[in-house]
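Asker: Note that numbering that gives the first Met the number 0 has the first sequence beginning at 0, numbered continuously upward.
Just dropping this structure here.
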Amino acid sequence: MFSIITNIHEMGPLLGDLSISDIVGFDVETSGLDWITCKLYTIQLYLNDNTYVVDCLKFGPIKYLMELLSAKKLVGHNIKYDTKVMLAKTGVLVPDVYDTMLAEVLCYQGIGKKFYSLQELVDKYCGVTLDKEVRKSFYELGDLTELTQEQLMYAAHDVQYLHVIRDQQIIMLESQKQMRVLDLEMRLVPVVAEMENTGILLNIERWRELMGTALQEAQSTSELLKNLIFDRINYSAYATMFDLYTALSIPVKTKRDKEALQKLPCSFNYVAQLRRDLNLSSPKQLQSVFKVLGINLESTGEKILKEYQGEDELIKYLLLYREYNKKASSFGESFLEKVHQVTGRIHSEFNQLMADTGRFSSSNPNMQQIVRDSDYRHCFIASPGYVMVTCDYSQQELRLAGAITGEEKFIEAYLNNIDMHTLTASVIYDVPLDEVTREQRQIAKGYNFAVLYGSTEYGLAYNFQMPIEHARDLLDKFYKGYPRLAEFKNLMEDGIQARKYSSTPLGRKRFFEDKKFFSDSWKMNNYFNSMRRQGFNHLIQGAGADITKLALVKIHEENPFGDGLRIIMPVHDEIVCEVSADIAEKGRDFIVKCMCDVFQPFLGRIPAEASSSIELTWSK
DNA sequence: CATGAAAGCGCC
DNA sequence: AAAGGGCGCTTTCATG
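Right under this line is the structure:
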């Protein structure tokens, strides 16, 4: 049965169905994708085999309806969006949802797509082809004041298949032993919805200042660089200016320009135009510049440039230019455009399952890659009356590595407050703890991470600029010094290679393509080695993601402070919240306790630890 | 002119 | 042959 609801008196049948149904298919149609400014057209519900379309242009008590629905499990496709719309329009955050889009990603994490459309899933699970043409009419015709019968009928289609899709997905996820992960991800949806809706406040004036400085520094460094370059070119080595343009890989766009340049003899006198045309952001041109100056670079990446730093002072300024230019472009005007016109806040997107490891990704803007420079981070400020509470796990992944592998030396170190990087240094350099030098500790820190990432001796030699024999020797000592870790890592990787998936302690899976045929043996080796690296890394990184997500859910669900505590964002092993200033310490203690409480069960004897700060701004 | 890949680099 | 895991953003460059 299909019915349209335009006023409260038409709700009778719906109320009847609600009294006997716990699970409701749910979808909304709006005028656009911005959940804050969009107009809500319809709410579609599917329950007890009946479809209801609420015409929100006519129906008044939407908040009342949402309160009724808050007692149910709402099933939707990308339901984070619908959740945000309802939160923004009614203030009601539906607490219990199931998202068919996210669940599908979980089923095929690593080998599947990042997004599945509803059409795809309806086709796959129900064998039905959905027509999506009418949907466009909702947001392509501008501001609608009345909905046509066709539009209302269309809106009804989407919600009818959600139950079936969910049932099938649950069968799959049960067989994969991912039910705890499914539960976690679904409980996380309202948390993320609320977080995105909350957004974060930016100190725009200060940001503008930093922007200006970066722009200026980029400009002056660019001039300096060009001086250095064009003072040193041997102009007599080229017949015409065109030859020099070619040598520098500077594109000459038009035929006219080309002919003009070919007529000009090569000379410093004509350098003005050349200066303007040289693009320091072009790797291709830069590489040619160095070649002309007598330095052959494999690439112009930072790693290579640092290798050649001693050979030319140009490189020092180029690296500086890159730094300033990065700040000016990525953290300049474009960032300010992300400030929402209506709320005045930045509402980044946080995607729960974009990363194959289960980590969050962030975009529009990416809050997880803001420069770790206090000047910039201090631009993100707490709302009036609030303080910013920044909490991060101390060595989340290293602790997990110790606990998961059961490496006794890790455990002892954490129990006795011994710095892990110093310990590793003492292990690989075979010196007592109190004789470890700063350099040794620095290298050891790299080794600790390198092992989690599955680095080879080649990679280590390359990254630390040391002979391969040395790198191999240190790696040998690492594994000899941490025998349990070495043994367990190998064992886990064998299992991953055999099963073609890896699993975190919570049960989160990352699947790998099951290739059986290879054209040659190095391709086969590459495939297996890569799978072992990614798989072991998933085990650790994914476990870290599980824990941060568990903490977010716990903070949200057990929050005793109401609007006095708002989650702002996760940054992998860090959680940033706004807390009402009068309960700052209590709020901080609560957050830290939640974080440690969810971490400890995964750590055995290793203690969970999180550090925190209370400031008016984001800090680190 | 549009689109997508690659380079480079920011973060954990 | 490549040479440490996971991302997103900006710019350049090649292709259609």
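For each residue, glycine too, the CB sits at the ideal point set by N, CA and C.
How many whole angstroms separate the CB atoms of Cys576 and Ile582, which I take to be in contact at a CB cut-off of 8 Å?
Answerer: With a Cβ gap of about 12 Å, Cys576 and Ile582 do not count as contacting.
Asker: For Phe629, does the count of other Cβ atoms within 10 angstroms reach 16, so buried, or fall short, so exposed?
Answerer: It is not possible to answer for residue 629, since the shown part of the chain is limited to 0 through 619.
Asker: Note the first and the last residue of the continuous alpha helix (DSSP H) segment covering Pro504.
Answerer: No alpha helix (DSSP H) holds Pro504; DSSP gives it neither H nor E.
Asker: Classify Lys72 as helix, strand or coil using the three-state DSSP reduction.
Answerer: Lys72 falls in the strand class under three-state DSSP.
Asker: My understanding is that Lys71 touches Ile3, with C-beta atoms under 8 Å, so please give their C-beta distance in whole angstroms.
Answerer: Lys71 to Ile3, Cβ: 20 Å. No contact.
Asker: Less than 9 Å between the C-beta atoms of Arg507 and Gln108, yes or no?
Answerer: In contact: Arg507 and Gln108 (Cβ atoms closer than 9 Å).
Asker: Can you grab the Cα-Cα spacing for the pair Leu56 / Trp34, in whole Å?
Answerer: Roughly 16 Å between the two C-alpha positions.
Asker: Would you say Tyr392 and Met594 are within 9 Å of each other, going by their C-beta atoms?
Answerer: Yes, the Cβ-Cβ distance between Tyr392 and Met594 is below 9 Å.
Asker: May I ask you to list the residues that DSSP assigns as paired with Gln43?
Answerer: Gln43 pairs with Asp26 and Val52.
Asker: Going by the beta-carbon positions, is the gap between Val617 and Arg437 smaller than 9 Å?
Answerer: First, the amino acid is wrong: residue 617 is Trp here, not Val. For Trp617 and Arg437, no; Cβs fall outside 9 Å.
Asker: Let me check understanding here. Comparing Cα to Cα, which of Gly543, His555, Val578 and Gly561 lies closest to Ala607?
Answerer: Closest by alpha carbon: Gly543.
Asker: Could you check if Phe289 is buried or exposed, using at least 16 other CB atoms within 10 Å of its CB as the buried criterion?
Answerer: It is buried - the Cβ of Phe289 has at least 16 other Cβ atoms within 10 Å.
Asker: Taking 6 Å as the limit between beta carbons, can you name the residues of its chain near Ala102, skipping five residues before and five after?
Answerer: Hits under 6 Å: Gln168.
Asker: Figure out for me which residue from Phe241, His339 and Gln351 has the closest Cα to the Cα of Val570.
Answerer: Checking every option, the nearest Cα to that of Val570 belongs to Gln351.
Asker: Could you give the distance in angstroms between the alpha-carbon of Ala327 and the alpha-carbon of Ser333?
Answerer: Going by the C-alpha atoms only, they are around 9 Å apart.
Asker: Between Leu260, Ala155 and Ser174, which lies nearest to Gly24 when the distance is taken from Cα to Cα?
Answerer: Nearest option by C-alpha distance: Ala155.
Asker: Hey, which unbroken runs of the beta strand (DSSP E) at 3 residues or more fall wholly within the stretch 196–234?
Answerer: Here the runs fully enclosed are 199–201.
Asker: Looking only at its chain, what residues have a beta carbon closer than 7 Å to the beta carbon of Phe1, apart from the 5 residues adjacent to it on each side?
Answerer: These residues qualify, in order along the chain: Thr50 and Ala155.
Asker: Rounded to the nearest angstrom, how far is the Cβ of Ser298 from that of Ser248, given a contact under 8 Å?
Answerer: Actually they are not in contact, since the Cβ atoms of Ser298 and Ser248 sit about 14 Å apart, beyond 8 Å.
Asker: Are the CB atoms of Glu195 and Phe58 within a distance shorter than 9 Å?
Answerer: Result no, Cβ atoms of Phe58 and Glu195 do not sit closer than 9 Å.
Asker: Alpha carbons only, please: which of Val291, Trp206, Phe535 and Leu505 is nearest the one belonging to Phe379?
Answerer: The shortest C-alpha separation from Phe379 is found at Trp206.
Asker: According to DSSP, simplified to helix, strand and coil, what is Val388?
Answerer: Val388 falls in the strand class under three-state DSSP.
Asker: In three-state terms, what does DSSP make of Phe58?
Answerer: Correct three-state label for Phe58: coil.
Asker: CA-CA distance, Val291 and Ile232?
Answerer: Using only the alpha carbons, I get a separation of about 7 Å.
Asker: Mind reading off the beta-carbon distance from Ile78 to Ala402? Whole number of angstroms is fine, and I expect it under 8 Å.
Answerer: 34 Å between Cβ atoms; not a contact.
Asker: Have a look at Leu44 and Asp513 and give me their C-alpha separation to the nearest angstrom.
Answerer: So the alpha carbons of these two residues sit roughly 40 Å apart.
Asker: Nearest by alpha-carbon distance to Ser501: which of Phe487, Arg531 and Lys522 is it?
Answerer: It is Arg531 whose Cα lies nearest to the Cα of Ser501.
Asker: Alpha carbons only, please: which of Leu397, Met419, Phe463 and Thr99 is nearest the one belonging to Lys536?
Answerer: Looking at the sequence provided, one finds Asn at residue 536 rather than Lys. Here the closest residue by C-alpha is Leu397.
Asker: Exposed or buried, what is Asp429 when buried is set at 16 or more other beta-carbons lying within 10 Å of its beta-carbon?
Answerer: By the neighbour-count rule (16 or more Cβ atoms within 10 Å), Asp429 is not buried but exposed.
Asker: Nearest to Leu214 by alpha carbon, out of Phe137, Glu486 and Arg321?
Answerer: The shortest C-alpha separation from Leu214 is found at Arg321.
Asker: Would a C-beta distance cut-off of 9 Å place Tyr160 and Cys125 closer than the cut-off?
Answerer: Yes. Within cutoff.
Asker: Can you check which of these residues, Glu336, Asn489, Met210 and Leu285, is closest to Leu313 by C-alpha distance?
Answerer: Looking at the Cα atoms, Leu285 is the closest of the given residues.
Asker: Report all residues from its chain with a CB closer than 6 Å to the CB of Ser611; omit the five preceding and five following residues, and keep chain order.
Answerer: Cβ within range, chain order: Cys390, Arg587 and Val591.
Asker: Within the same chain, show all residues whose beta-carbon is closer than 6 Å to that of Tyr237, passing over the 5 residues directly before and after it, in chain order.
Answerer: The answer, listed in chain order, is Leu243 and Cys265.
Asker: Would the stretch 487–498 count as touching the stretch 548–566 if we require 3 or more Cβ pairs under 8 Å?
Answerer: No contact exists between the stretch 487–498 and the stretch 548–566.
Asker: Using CA atoms only, rank isn't needed, just tell me which of Arg509, Glu258, Leu422 and Gln439 is closest to Gly357.
Answerer: Nearest of Arg509, Glu258, Leu422 and Gln439 to Gly357, Cα basis: Arg509.
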